[in-house]
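Beneath this line is the structure, given in structure tokens, with notes to follow.
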Amino acid sequence: MIVTTKKLFEAAYGKYAIGAYNINNLEQTVGLFKGNLLSQAPFIIQISKGARAYTDKVFLEYLIRAADEVYPEAIFAVHLDHGDEEAAMDCIESGFYSSVMIDASHEDFETNIAITKRVVDAAHAKGVVVEAELGQLGGVEEHIQVAEADAKLTDPKQAKEFVERTGCDSLAVAIGTSHGAFKFSGSQSLHYNVLAEIQKELPGYPLVMHGASSVPQEEIARINAAGGNIVGAKGVDADQFKPAAKLGVTKINIDTDGRLVWIRVHREILQDRPEVFDLRTPGKIFIDEYAKFIAEKNEYLGSAGQLDKVRVLLAE
Ligand code: G3H
Ligand code: 13P
Ligand code: ZN
-18 MIVTTKKLFE
-8 AAYGKYAIGA
2 YNINNLEQTV
12 GLFKGNLLSQ
22 APFIIQISKG
32 ARAYTDKVFL
42 EYLIRAADEV
52 YPEAIFAVHL
62 DHGDEEAAMD
72 CIESGFYSSV
82 MIDASHEDFE
92 TNIAITKRVV
102 DAAHAKGVVV
112 EAELGQLGGV
122 EEHIQVAEAD
132 AKLTDPKQAK
142 EFVERTGCDS
152 LAVAIGTSHG
162 AFKFSGSQSL
172 HYNVLAEIQK
182 ELPGYPLVMH
192 GASSVPQEEI
202 ARINAAGGNI
212 VGAKGVDADQ
222 FKPAAKLGVT
232 KINIDTDGRL
242 VWIRVHREIL
252 QDRPEVFDLR
262 TPGKIFIDEY
272 AKFIAEKNEY
282 LGSAGQLDKV
292 RVLLAE
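Under the numbering used here, residues -18 to 297 are what the sequence shown spells out, in order.
This is the structure we're talking about:
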């Protein structure tokens, strides 16, 4: 069942975070639904602009509609990840997305507010919820390069003003994470102090953590042992999810870790089973491994086992 994030966030606030996972194809979609049902978790499907352009956005819509039919017990939101105004408006108009992200965080404060407000007004008129972003993550964000040294953490006072003036339903905050597999150099970590300040300014308001992949070192080691060459990769410790959830983070975005599962499965099968030429062989292994990965992530997020409670809340 496709829902907005509103009730998902209400149920989660202060206790756990909902996993927001990016998809691009059929195998990811099936693994995602299986993993969330395996762990009995509500979830958010994220579709980036790149994913919409990879084949055609229509394929993703119908894949998700099909999965909704095949797995009727699943409860999830369909969300545009890092939309610009054009993509956000397109998703709002489509009647399919229950949530959109407008990411104008690279603009100055007033321009970010103006763009976000236009999207919020259009979305709310159609019953769609909006995530916006304030502050800049380090690393690579869609097409925007932000040098680690210039990464700007979210200003808590500005966050309050931004939410009040735009009416956005959730806010992605910059607290030291970045996208991709190379998040931290040296001993950098999450800035819980900033998160706590933001929560003080916006009590009860849902915050979003982007760039939350853990980049497990054993995954990197397996990829490299099977011919990969990923050096110096480092992610967010998944034990940090629950403390972040206590401080108001209700949505945690994970994409890179899923890509690592895909590349590990395919590298290993190409190396270990040279006789294989049936594409369904790696496909099946990936679906199972991805489902396992999602179920494990949901344990760290605390969303595992919450599906029935959310179902009850939605029925109220
Ligand atoms: O934040 C970006 C997501 O990881 C999506 O990546 O734009 O390459 O699909 P993508
Ligand atoms: P990762 O690159 O850490 O998986 O972050 C994904 C993300 O924030 C998508 O919006
Ligand atoms: Zn992101």
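Glycine residues also receive a C-beta, built at the ideal position from the N, C-alpha and C atoms.
Note that the structure is predicted; figures quoted are calculated from it, not measured.
Span separating the alpha-carbon of residue i from that of residue j
i, j, result
"Pro23", "Lys290", "10 Å"
"Phe143", "Val175", "16 Å"
"Ser20", "Ala285", "5 Å"
"Val154", "Leu282", "18 Å"
"Pro224", "Phe165", "19 Å"
"Val293", "Phe258", "46 Å"
"Ala104", "Glu74", "8 Å"
"Lys(-13)", "Val110", "8 Å"
"Gly108", "Asp62", "18 Å"
"Val303", "Phe90", "Here the chain has residues from -18 to 297 only, and residue 303 is not among them."
"Ala95", "Cys72", "19 Å"
"Ala(-7)", "Arg254", "43 Å"
"Gln287", "Ile244", "30 Å"
"Asp150", "Val230", "13 Å"
"Glu112", "Glu256", "47 Å"
Residues bridged to residue i [DSSP beta-bridge criterion]
i, result
"Asn234", "Ala1"
"Ile83", "Gly64 and Ala113"
"Gly77", "Residue identity check: residue 77 is Phe in the sequence provided, not Gly. Answer is none; Phe77 lacks a bridge partner."
"Val154", "Leu115"
"Ile28", "Leu61"
"Phe165", "None; Phe165 has no bridge partner."
"Ser284", "Partner(s): none; Ser284 has no beta bridge."
"Lys215", "Phe163"
"Ile(-17)", "Phe57"
"Lys133", "Gln117"
Contacting residues, own chain, Cβ-Cβ under 7 Å from residue i (five flanking each side not counted)
i, result
"Lys141", "Glu182 and Leu183"
"Ala214", "Ala162, Phe163, Val196 and Ile201"
"Val246", "Pro263, Ile266, Phe267 and Glu270"
"Ile233", "Ala(-2), Gly0, Ala1, Met190, Ala193, Phe222 and Leu282"
Contact set for residue i: own chain, Cβ-Cβ below 6 Å, skip 5 residues either direction
i, result
"Ser194", "Gly216, Ile235, Thr237 and Asp238"
"Gly148", "Val101"
"Gly157", "Leu171 and His172"
"Glu114", "Asp84, Ser86 and Ala153"
"His60", "Ile25, Gln27 and Ser80"
"Glu8", "Gly264, Phe267 and Ile268"
"Ala219", "Ser195 and Tyr281"
"Tyr78", "Val59, Leu61 and Cys72"
"Phe57", "Phe24 and Ile26"
Nearest candidate by alpha-carbon position, reference residue i, set the options
i, options, result
"Arg240", "Lys(-12), Leu260 and Tyr271", "Tyr271"
"Thr135", "Leu118, Arg254, Asn6 and Lys(-12)", "Leu118"
"Arg33", "Gly16, Asp65, Pro53 and Ile56", "Asp65"
"Ile204", "Leu251, Tyr(-3), Asp220 and Tyr35", "Leu251"
"Gln139", "Glu178, Val111 and His160", "Glu178"
"Ala276", "Lys107, Cys72, Leu13 and Leu295", "Leu13"
"Thr97", "Asp218, Gly108 and Glu145", "Glu145"
"Arg248", "Phe267, Lys232 and Ile233", "Phe267"
"Lys(-4)", "Pro263, Ser29 and Lys227", "Lys227"
"Glu88", "Phe77, Gly116, Gly264 and Pro187", "Gly116"
"Ala55", "Gly208, Glu112 and Val(-16)", "Val(-16)"
Spatial neighbours of residue i in its chain, beta-carbon cut-off 8 Å, leaving aside the 5 residues before and after
i, result
"Asn279", "Gly0, Gly16, Asn17, Ser20, Ala22, Phe24 and Ala285"
"Met70", "Val100 and Ala103"
Please go through the stretch 179 to 209 and give each complete beta strand (DSSP E) segment of 3 or more residues, from N-terminal end onward. Segments of the beta strand (DSSP E) lying fully in the stretch 179 to 209: 188 to 190.
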